[in-house]
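Number 392 in the UniProt record's numbering belongs to position 392 of the sequence shown; there are no gaps in the numbering. We put the CB at the ideal spot given by N, CA and C, even for glycine.
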Amino acid sequence: MDAKMFCYQCQETAGGKGCTVQGVCGKKPDVAEMQDLLVYVTKGLGAVTTALRAEGKKVAIEVNHRVTMNLFITITNANFDREAIIDVIEETLALKSDLLAQLADASKLPEAAHWTAPRADFEAKAKTVGVLATENEDVRSLRELTMYGLKGLSAYVEHANALGHENEEIDAFMQRALAQLLDDTMDGDALTALVLETGKWGVDGMALLDGANTSTYGHPEISKVKLGVGSRPGILISGHDLKDLERLLEQTKGTGVDVYTHGEMIPAHYYPAFKKYDNLVGNYGNAWWLQKEEFEKFNGAILMTTNCVVPPKDSYKDRLFTTAAVGVPGCTHIPLVNGEKDFTPVIECAKKCAPPTELETGEIVGGFAHEQVFAVADKVVEAVKSGAIKKFVVMAGCDGRMKSREYYGEFAEALPHDTVILTAGCAKYKYIKKDLGDIGGIPRVLDAGQCNDSYSLALIALKLKEVFGLDDVNKLPIAYNIAWYEQKAVIVLLALLHLGVKNIHLGPTLPAFLSPNVAKVLVETFGIGGITNVEDDMAMFGIEVNVPEAAAV
Ligand code: SF4
Ligand code: SF3
């Protein structure tokens with residue numbers, strides 16, 4: 001049977017090879033093809049803006065934002081709305097044609113820079129520009145590795161942009177890289193260099209977002225987050241966009257509606273600026289993949305500010321709202337109008353709803369971003385010197401549906417009591433609610449925040465390297481056991497490689513988009529590896545498995 005689509009950008013791709021009938025994520029072929037076309041026209045736009053810069057012409061901020069938003073839309077679990085994607089393709093074509101007209105010489109640009117067509121012809125074109133249009137498996141692998149890094153980077157840049165922080169150099173790189181992905185003269189070496197360069201800009205992108213978040217909302221501090229529920233109706237806000245949370249908290253003040261965070265929004269509670277809202281009650285639920293059950297039980301309105309959204313059940317579809325890059329057909333989308341968003345439909349919906357059904361009680365502790373850890377650095381260093389802490393294990397990344405991910409909860413529990421977990425991203429939901437204790441007051445799970453806050457973990461590693469007077473970050477007692485799912489994890493990985501971190505282990509499976517040859521280069525150059533089982537991996541990381549006290553006697 002002919003493939004109806006092809007996508008292998010995430011960890012859950014069908015059979016560990018590629019989704020060809022429909023996405024495991026729920027993406028249908030008719031949506032997949034329009035995402036392919038959106039990627040294609042955005043590469044064409046990148047070629048045009050890169051040529052404009054080469055002619056010394058300025059590229060407007062709105063154009064940069066168009067590029068980042070387009071890539072963000074195609075991230076796993078962000079947008080399932082074919083019609084909305086078609087609208088974005090049309091807008092991009094119009095923008096591209098305006099910019100083309102400003103070029104003195106457009107003769108050397110690739111076909112994608114010139115391509116335009118009426119909407120009726122989109123489908124036919126889309127079928128010719130997907131991932132498999134690159135025939136050579138290694139070239140395809142390197143192109144897609146770069147592309148997924150760019151998609152992850154676009155998400156982080158978009159959040160920084162939402163807070164008014166811009167970095168034209170990052171935008172120029174992203175657009176040049178998009179153009180280079182169309183360039184058939186780029187060989188394996190040139191593309192490998194592009195992959196690594198993407199990691200460099202990944203560090204800059206995360207630094208941009210870190211600066212945007214901390215200068216707007218303060219530095220995260222050690223905080224307790226409530227897990228129970230109140231008695232008023234609520235809005236559950238999910239995704240990564242702190243600006244949307246701020247707007248929602250402002251607009252719900254005095255309305256009698258409470259706000260709860262979900263999934264990747266939990267670290268909002270760590271920022272000083274959000275502590276002043278008494279209607280920000282706590283966190284509800286877990287990582288993205290459990291949302292079908294949890295959104296149903298929440299009873300109230302739900303706002304998805306970014307991925308990861310799962311195509312909703314009818315039982316709560318009318319309570320689900322999207323904004324920015326997110327799209328779900330049939331759900332109300334809240335647009336940005338003149339720099340503002342009106343969440344009235346979300347609030348009005350919530351007012352008519354019952355309060356949330358309690359899932360759990362208690363609290364979790366987080367807020368160990370770089371400044372907070374630096375503030376207790378003496379304590380940490382002392383614990384390492386005294387042997388109370390023997391190893392740090394970076395377990396950042398994503399959570400997901402696969403049963404094989406139970407490994408991460410088991411791994412966390414099996415770690416001996418002289419180890420500390422450094423985490424960020426939704427991967428933490430596998431162990432953050434387990435009581436793993438503390439070491440002399442330092443909790444054994446230090447949550448820095450969202451997946452983009454992996455940047456904090458890198459800064460913490462660099463700080464420890466400095467404090468211990470080491471010449472190589474790989475000489476620190478840190479193991480990297482990272483869970484990945486979507487493309488933000490790809491940019492985090494490339495950023496860590498750029499910072500010189502070696503021997504990172506990725507699971508639960510290695511990316512399907514790594515061809516055997518590309519995987520070999522990553523293994524040989526950076527020591528990248530997979531995972532097997534808790535016991536063998538503990539030995540591989542040089543960690544003694546935790547023996548429960550009762551069993552030890
Ligand atoms: Fe498949 Fe993942 Fe692509 Fe969805 S995003 S279609 S699950 S590879
Ligand atoms: Fe999670 Fe989607 Fe990756 Fe941001 S929310 S870490 S999966």
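Using a threshold of 8 Å, state whether the C-beta atoms of residue i and residue j are closer than that.
i, j, result
"ALA414", "ALA448", "no"
"ALA273", "TYR217", "yes"
"ARG82", "MET34", "yes"
"ASP171", "ASN70", "no"
"GLY469", "HIS505", "no"
"ASN79", "ILE85", "yes"
"TRP115", "GLY228", "no"
"ALA479", "PHE411", "no"
"GLY205", "VAL139", "no"
"ASN338", "VAL393", "no"
"ILE442", "LYS379", "yes"
"GLU371", "HIS269", "no"
"ILE421", "LEU446", "yes"
"ALA301", "ILE235", "yes"
"GLY239", "MET265", "yes"
"ALA483", "ARG401", "no"
"PRO355", "SER223", "no"
Which residue's Cα is closest to the Cα of residue i: the options?
i, options, result
"GLY362", "LEU514, VAL337, LYS226 and ALA512", "LYS226"
"PHE526", "ALA539, SER231, SER515 and LEU497", "LEU497"
"VAL59", "MET34, ASN279, ILE86 and LEU100", "LEU100"
"PRO508", "ASP342, ALA479, CYS451 and MET395", "MET395"
"LYS463", "MET265, GLU33 and ALA377", "ALA377"
"ASN161", "ALA268, ALA104, ASP241 and PRO220", "ASP241"
"PRO233", "VAL257, LEU248, SER223 and ASN77", "VAL257"
"THR306", "CYS451, PHE513, VAL380 and ALA190", "CYS451"
"ILE543", "SER456, ARG405, TYR455 and ILE389", "ILE389"
"PRO110", "MET540, LYS520, THR68 and THR185", "THR185"
"LEU303", "GLY164, GLY205, ALA106 and LEU248", "LEU248"
"CYS455", "LEU514, VAL467 and GLY211", "Note that residue 455 is Tyr in the sequence shown here, rather than Cys. Considering only alpha carbons, the answer is GLY211."
"LEU191", "VAL381, TYR485, LEU422 and VAL521", "VAL521"
"CYS331", "LEU422, GLN102, GLY339 and VAL346", "VAL346"
"ALA324", "SER154, ASP318, THR214 and PRO335", "PRO335"
"GLU12", "ASN77, LEU476, HIS417 and GLU62", "ASN77"
"GLU168", "GLU340, ARG53, CYS426 and THR92", "ARG53"
"GLY397", "CYS426, ILE421 and HIS417", "CYS426"
"VAL492", "THR74, VAL195, TRP289 and TRP288", "VAL195"
"SER154", "LYS391, GLN175, SER141 and ALA112", "GLN175"
"GLU340", "ALA375, LEU163 and ALA383", "LEU163"
"SER386", "ALA495, ILE439, PHE368 and ASP342", "ILE439"
"ILE89", "ASP399, THR74 and LEU103", "THR74"
Kindly indicate the opening and closing residues of the alpha helix (DSSP H) around residue i.
i, result
"GLY16", "Per DSSP, GLY16 belongs to no alpha helix (DSSP H) and is neither H nor E."
"GLU544", "Counting along the chain, GLU544 falls outside any alpha helix (DSSP H), and DSSP gives it neither H nor E."
"TYR408", "406–414"
"MET174", "168–180"
"TYR277", "Run containing TYR277: none; DSSP gives neither H nor E here."
"TRP201", "188–217"
"ASN533", "Neither: ASN533 is in no alpha helix (DSSP H) and is coded neither H nor E."
"HIS498", "487–498"
"ARG53", "29–54"
"CYS349", "344–351"
"LYS297", "291–298"
"ALA458", "454–467"
"PRO267", "Here PRO267 belongs to no alpha helix (DSSP H), and DSSP marks it neither H nor E."
"ASP81", "It is not in any alpha helix (DSSP H) - ASP81 carries neither H nor E in the DSSP assignment."
So residue i is in the beta strand (DSSP E); what residue range does that whole segment cover?
i, result
"ASN481", "478–483"
"GLY234", "234–238"
"ILE504", "504–507"
"LYS430", "Element bounds for LYS430: n/a, residue is neither H nor E."
What residues are listed by DSSP as bridge partners for residue i?
i, result
"THR322", "MET304 and HIS333"
"ASP447", "THR423"
"TYR260", "LEU236 and GLY282"
"ILE364", "VAL225"
"VAL393", "ILE421 and ALA479"
"ASP438", "PRO443"
"CYS7", "CYS19"
Inspect the CB distances between the stretch 277–294 and the stretch 241–258 and report whether three or more fall short of 8 Å. The stretch 277–294 makes contact with the stretch 241–258; the number of CB pairs closer than 8 Å reaches 3 or more.
Contact the stretch 259–268 vs the stretch 278–298: 3+ CB pairs below 8 Å: Touching, yes, given that three or more Cβ pairs across the two stretches are closer than 8 Å.
Does the stretch 146–155 come close enough to the stretch 517–532 to have 3 or more Cβ pairs within less than 8 Å? In short, these stretches do not touch, since the Cβ pair count stays below three.
Just checking, does the stretch 49–59 make contact with the stretch 175–190 on the three C-beta pairs under 8 Å criterion? Flag = yes, the stretch 49–59 and the stretch 175–190 touch.
Inter-stretch contact (C-beta, 8 Å, three-pair minimum) for the stretch 351–370 and the stretch 287–301: Yes, the stretch 351–370 touches the stretch 287–301.
Would the stretch 363–371 and the stretch 298–314 be scored as touching if the rule is three or more Cβ pairs under 8 Å? Segments in contact, no.
Taking one C-beta from the stretch 124–144 and one from the stretch 21–34 each time, how about it: are there three or more such pairs within less than 8 Å? Touching, yes, given that three or more Cβ pairs across the two stretches are closer than 8 Å.
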